[in-house]
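Colleague: Per the numbering used here, the very first residue in the first sequence carries number 50; after that it's consecutive. Positions of the beta carbon are idealized from the N, C-alpha and C atoms, including for glycine. Everything numeric in this text was worked out from a predicted model, so none of it was measured.
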Amino acid sequence: MSKDNKDEKLQMIRHSMAHVMAEAVLQIFPEGKVAIGPAIDNGFYYDFDLPRSLKEDDLEDISQRMQAIIKEGRTFERSVVSRDEALNQFKDQPYKVELIKELPEGEDISVYSQGEFADLCRGPHVEGTNKLNAQSFKLLSIAGAYWRGDEKRPMLQRIYGTAWTNPKDLRMYLQQLEELEKRDHRKVGRELDLFSTHEEAGPGLVYWHPKGARIRVAIEDFWREEHRNNGYEFLFTPHVGKSWLWETSGHLDFYAEGMYPEMVMDKANYYAKPMNCPFHIMIYKTNKHSYRDLPFRWAELGTVYRYEKSGTLHGLMRVRGFTQDDAHIFCTPDQVEDEILEVLRFSLHMLRSFGFTDIQAYLSTMPEKAVGDPAQWTLAEESLRKAIEAEGLEYDVDEGGGAFYGPKIDLKVKDALGRSWQLSTVQFDFNEPERFKMSFTDRDGEEKRPYMIHRALLGSLERFFGVLIEHYGGAFPVWLAPMQIMVIPVAPAFEEYAEKVYSRLKKAGFRVEFDDSDDRMNAKIRNAQAQKIPYMLILGEKEAEAEAVSLRLRNGKQENGIPLEDFVARVEKAVQEKADL
RNA sequence: GCCAGAAUAGCUCAGGGGUAGAGCAACGCUCUCGUAAAGCGUAGGUCGUGAGUUCAAAUCUCACUUCUGGCUCCA
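1) Could you tell me if residue 398 is buried or exposed, where buried requires 16 or more neighbouring beta carbons within 10 angstroms of its beta carbon?
2) Grab me the residues of residue 622's own chain with a C-beta within less than 8 Å of its C-beta, minus the 5 sequence neighbours each way, in chain order.
3) For residue 667, count neighbouring Cβ atoms within 10 angstroms of its own Cβ and tell me buried if that reaches 16, exposed if not.
4) Residue 279 by DSSP, collapsed to three states: which one?
5) Across the stretch 86 to 100 and the stretch 205 to 213, are there enough close Cβ pairs to call them in contact, namely three or more that are closer than 8 Å?
6) DSSP three-state label for residue 343, please.
7) Can you tell me whether residue 525 is buried or exposed, with buried defined as 16 or more other CB within 10 angstroms of its CB?
8) Could you tell me which uninterrupted beta strand (DSSP E) segments, each at least 3 residues in length, are contained entirely in the stretch 405 to 482, listed from first to last along the chain?
9) Could you have a look at residue 595 and say whether DSSP puts it in helix, strand or coil?
10) Please report how far the alpha carbon of residue 219 lies from the alpha carbon of residue 182, in whole angstroms.
11) For residue 457, is the classification buried or exposed, using 16 other Cβ atoms within 10 angstroms of its Cβ as the cut-off for buried?
12) If you measure between the beta carbons of residue 408 and residue 234, is that distance less than 8 Å?
13) Which runs of the alpha helix (DSSP H) fall wholly inside the stretch 240 to 317 and span at least 4 residues, in chain order?
14) Evaluate residue 293 with the Cβ neighbour count: other Cβ atoms within 10 Å of its Cβ, from every protein chain shown; 16 or more gives buried, anything less gives exposed.
15) Would the beta-carbon of residue 537 fall within 8 Å of that of residue 577?
16) Classify residue 62: buried if its beta carbon has 16 or more other beta carbons within 10 angstroms, exposed otherwise.
17) For the stretch 204 to 228, which segments carrying the beta strand (DSSP E) assignment without a break, of at least 3 residues, lie completely within its bounds, in sequence order?
18) Assuming residue 466 contacts residue 374 under a Cβ cut-off of 8 Å, what Cβ separation, rounded to an integer in Å, is found between them?
19) With a floor of 3 residues, list each beta strand (DSSP E) that falls wholly inside the stretch 518 to 587, ordered by position along the chain.
20) Hey, residue 284 and residue 227: beta-carbon distance below 8 Å or not?
21) Kindly confirm or deny that the stretch 480 to 492 and the stretch 348 to 362 touch, where touching means at least three C-beta pairs closer than 8 Å.
22) Quick check: what's the CA-CA separation for residue 296 versus residue 369?
23) Find the nearest neighbour of residue 78 within the set 269, 127, 103 and 56, judged by alpha-carbon distance.
24) Could you check the C-alpha separation between residue 201 and residue 146 for me, to the nearest Å?
25) Would residue 325 and residue 289 qualify as a contact pair, given that the criterion is a beta-carbon distance under 8 Å?
26) Measure how close the beta-carbons of residue 461 and residue 411 come, nearest whole angstrom, since I'm counting them as under 8 Å.
27) By Cβ distance, which residues of its chain are closer than 6 Å to residue 514, with the 5 residues on each side in sequence left out?
28) State yes or no: is the C-beta of residue 416 within less than 8 Å of the C-beta of residue 455?
29) DSSP three-state label for residue 610, please.
30) Relative to the C-alpha of residue 120, which candidate in 371, 101, 66 and 617 has its C-alpha closest?
31) State buried or exposed for residue 552, treating a residue as buried only when at least 16 other CB atoms are found within 10 Å of its CB.
32) Along the chain, which unbroken stretches of the beta strand (DSSP E) at least 3 residues long are found entirely within the stretch 115 to 159?
33) By the DSSP assignment, the beta strand (DSSP E) with residue 326 in it spans what residues?
34) Does the Cβ-Cβ distance between residue 372 and residue 351 come in under 8 Å?
35) Is the beta carbon of residue 161 closer than 8 Å to that of residue 84?
36) Can you tell me whether residue 403 is helix, strand or coil according to DSSP?
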């Protein structure tokens, strides 16, 4: 069977499972209202409006009822009904009635029934429950979900489940979930002592511990070096600014909800910055600029603060204070195409350097409500499209999905577990240059608006760090590892030689530690392993005599009797090449 | 912000209307050791915060805070 066929079959199974679950839930709550229940990646869900809140215990009951229904060997029967018939049949189901009323005139209204339970549904479904396996599904969780995703509509109860063709696939999926849990950056972050957040000090605000900061410094050092190589200048700007900035940029009109509230001082209102751009624009406006000066590529690791709704905060992935690896490019119209191509190349180079090789692009174009001249939009969109194609990237287009101020490319990477993360973004801005009345003097002596491009390659350092932690499961490649080498003497008698090796490695600039605790060697190895340190050096009599080291890698492999200087060269090479080990 | 769940020692967790428990970690002592946990001991908690019920609250109730799973949001 081809992959597509297989996927289609799984979709049908999952969707059918959702119907079976709906029937099971209605057995318990005959007066319950059903909303929608589609198949999703790895499973299905169904939304209900029920007289009471579901509890975890209910899932077991529902599961058993589902198994019973499956074993009854029902068939899924499709029937086509008129609108009136449908309205009549579902008159006790207000959510279905709403859906029926919205179905376009002339379209078939189909109903699938499986014995007692019938559901408005486009289908398709498997022929009968004999195609479902009572042992290869699992109900996973209960969640709240707004009807039609609208926060003004009723909150429904959603049950998520996963379903597969056979119990083995289910087991594999559940194992994958466990793996995900093991790699969770919040868990790894605590185990490796990388970062913390504090209830008393403010939710969504990240504290980078020494070991986490080592990784950040490695990232930032690389980031600066690459920006220097790519023709960027660096800026530093303040963290707060007077309301004038945000009134002018327009953020106070359309983004005030996302900002930390004002601070009043000396009869002026200050705001913590949610964006760096107005600050960069202030620097631009300090001088008059000629077309000969452009382009400017100005980068800043700019820390911004945004009020994210409390329920949306999540570890490092969604926070209230974060540092963007931000840059703004100001250029003339005829520079746009080259600049965009360069930015995209740079972006890909950065992401690949961190081990992300599976990258997809998303192009978002002009929405209905937009500022700026359509000709500008066209030039911008074309430059984005050309760049993506020049780099041979797979891409999707979200027609009309751009922000009102300009089109953009987002890059998403797939991590080691196949999950997608949006990291890079390249966005045109036709709004702020206008509002801040930016200009440059063109060849013909006229004052013209520069093009402005926002771009972030890693997104935010916090989020990027979170993604990195999960991508590597905490086992960072040598160049990023907070502790690269652990020196472990076999016994206290060999501490002198171990000390010597330690000094040599320290001198070479490596992040090396010396475990001189009272633990036995075995315990030291275990501790180093738990910290996912790439290299463990086991040093005893043999090594001391030969000026050598015995190397244990965190993947369990061993190499004994490596001359010390060879090991130094080897680590230098791994760091240089950004290799795993 | 909304729905649901959770909060007990640094960490992982047990317990539960009548003075708080384990393992790991920490600290001290002993052991001097060749590739994933040596042994013994010591210390450590107003049971998230505030209020209420009760003779008595960590336990029951309410509010709040934070976290978790979702929804929404992410111009």
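Modeller: Taking the geometry as given:
1) exposed
2) 628
3) Since the first residue of the chain shown is 50 and the last is 630, residue 667 is not available in this structure.
4) coil
5) Yes: the two stretches touch, three or more of their Cβ pairs being nearer than 8 Å.
6) coil
7) buried
8) 408 to 413, 444 to 447, 457 to 463 and 469 to 478
9) helix
10) 11 Å
11) buried
12) The beta carbons of residue 408 and residue 234 sit no closer together than 8 Å.
13) 259 to 278, 292 to 298 and 300 to 303
14) exposed
15) Result yes, Cβ atoms of residue 537 and residue 577 sit closer than 8 Å.
16) buried
17) 204 to 212
18) Between residue 374 and residue 466 the Cβ distance is about 24 Å, and since that is not below 8 Å, they are no contact.
19) 534 to 538 and 561 to 563
20) In this structure, the beta-carbon distance from residue 284 to residue 227 does not fall below 8 Å.
21) Of all C-beta pairs linking the stretch 480 to 492 to the stretch 348 to 362, fewer than three are shorter than 8 Å, placing the two stretches out of contact.
22) Rounded to whole angstroms, residue 296 to residue 369 spans 22 Å at the Cα level.
23) Closest by alpha carbon: 103.
24) 19 Å
25) Cβ atoms of residue 325 and residue 289: not closer than 8 Å.
26) 7 Å
27) So the list reads 365, once near-sequence residues are dropped.
28) Residue 416 places its beta carbon 8 Å or farther from that of residue 455.
29) Three-state result, residue 610: strand.
30) 66
31) So residue 552 ends up on the exposed side.
32) 126 to 130
33) First-last for residue 326: 326 to 333, but that is the alpha helix (DSSP H), not the beta strand (DSSP E).
34) yes
35) no
36) Three-state DSSP puts residue 403 in coil, outside helix and strand.
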